[in-house]
Amino acid sequence: MRHRKSRHHLGRPADQRKAVLRTLATEFLRHGEIITTLAKAKALRPEVEKLITKGKKGFIKDYKAAYDKAKGGDKEALKEVLKSVHLRRQVNSFLYDRQVVTRVFEEIAPQYLEREGGYTRIIKYRERRGDNTTLAIIQLV
């Protein structure tokens, strides 16, 4: 039984489900919005929100200056740089494209520094012609 298990299974085995979500997340963060099925959009939302939160936590306004301070022996700067590198590696392990990882940390995360969450919006779009599945637009707020 799967009582109280909150996960969107998408009718796929775990490896395929993970691959679909990674692909969707990569393309979503590359373009800022995508059209997909409502179920996939709802499954994608928590994954993307976690990635953007990691981007916010790992964002350093002037990374080069912090890196130079860390090299000079400043322990706080070193801690901050190491945390940023760790979070970048975590995001990189989920997304398929390094350019998108850079975009998350340098373009997307700074936009949401003041926001506590809810970085995405899902809008119902229409029914797909072939199988009448509800399509949705998921976009960054």
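Residue numbers for the sequence shown, in the working numbering: 64 to 204. Yeah, the Cβ is synthetic: ideal placement off N, Cα and C, and Gly gets one too.
Quiz item: Does DSSP classify Tyr175 as helix, strand or coil?
Solution: If you number the sequence shown from 1, residue 175 lands on position 112. Note: Tyr175 maps to coil in three-state DSSP.
Quiz item: Hey, is the segment 79 to 88 in contact with the segment 144 to 155, meaning 3+ C-beta pairs nearer than 8 Å?
Solution: no
Quiz item: What's the C-alpha gap between Gly180 and Lys138?
Solution: Walking along the sequence shown from the start, residue 180 turns up at place 117. Walking along the sequence shown from the start, residue 138 turns up at place 75. Using only the alpha carbons, I get a separation of about 30 Å.
Practice problem: Can you grab the Cα-Cα spacing for the pair Ala140 / Glu96, in whole Å? | Solution: For this step, residue 140 is matched to residue 77 along the sequence shown. For this step, residue 96 is matched to residue 33 along the sequence shown. Each residue's alpha carbon lies about 35 Å from the other.
Quiz item: Nearest to Thr183 by alpha carbon, out of Lys120, Val148, Tyr159, Ala172?
Solution: For the purposes of this step, residue 183 is taken as residue 120 along the sequence shown, with counting starting at 1. Checked all of Lys120, Val148, Tyr159, Ala172; the closest Cα to Thr183 is Ala172.
Practice problem: Could you tell me which of Phe91, Leu107, Asp125 sits nearest to His72, measuring between CA atoms? | Solution: The residue given as residue 72 occupies position 9 in the sequence shown. The residue with the shortest Cα to Cα distance from His72 is Leu107.
Exercise. For my contact list, Leu92 and Val167 are in at a C-beta cut-off of 8 Å; report their separation, rounded to the angstrom.
Key: Along the sequence shown, one-based indexing puts residue 92 at 29. Along the sequence shown, one-based indexing puts residue 167 at 104. Indeed they touch by this definition, with Cβ atoms about 6 Å apart.
Practice problem: With a threshold of 16 other CB atoms inside 10 Å of the CB of Ile186, please say whether the residue is buried or exposed. | Solution: Taking the sequence shown and counting its residues from 1, the one referred to as residue 186 is at position 123. By the 10 Å Cβ count, Ile186 comes out exposed.
Quiz prompt | 8 Å Cβ cutoff met for Leu114 and Ala88 | solution = Within the sequence shown, numbered from 1, the residue matching residue 114 stands at position 51. Within the sequence shown, numbered from 1, the residue matching residue 88 stands at position 25. Closer than 8 Å, so yes.
Quiz prompt | Contacting residues, own chain, Cβ-Cβ under 7 Å from Lys132 (five flanking each side not counted) | solution = For the purposes of this step, residue 132 is taken as residue 69 along the sequence shown, with counting starting at 1. Closer than 7 Å at Cβ, skipping near neighbours: Ala140.
Quiz item: Roughly how many angstroms separate the alpha carbons of Tyr178 and Val111, rounded to a whole number?
Solution: To locate residue 178, count along the sequence shown from 1; it is residue 115. To locate residue 111, count along the sequence shown from 1; it is residue 48. According to the sequence provided, residue 178 is Arg. The question's Tyr does not apply to it. Their backbone Cα atoms lie some 15 Å apart in a straight line.
Practice problem: Express the C-alpha separation of Arg75 and Phe157 in angstroms, rounding to a whole number. | Solution: Stepping through the sequence shown from its first residue, residue 157 is reached at position 94. Stepping through the sequence shown from its first residue, residue 75 is reached at position 12. Taking the straight line joining both Cα atoms gives about 18 Å.
Practice problem: Output the distance between the C-alpha atoms of Tyr188 and Leu198, rounded to the nearest integer angstrom. | Solution: Here residue 188 refers to the residue found at position 125 of the sequence shown. Here residue 198 refers to the residue found at position 135 of the sequence shown. About 5 Å.
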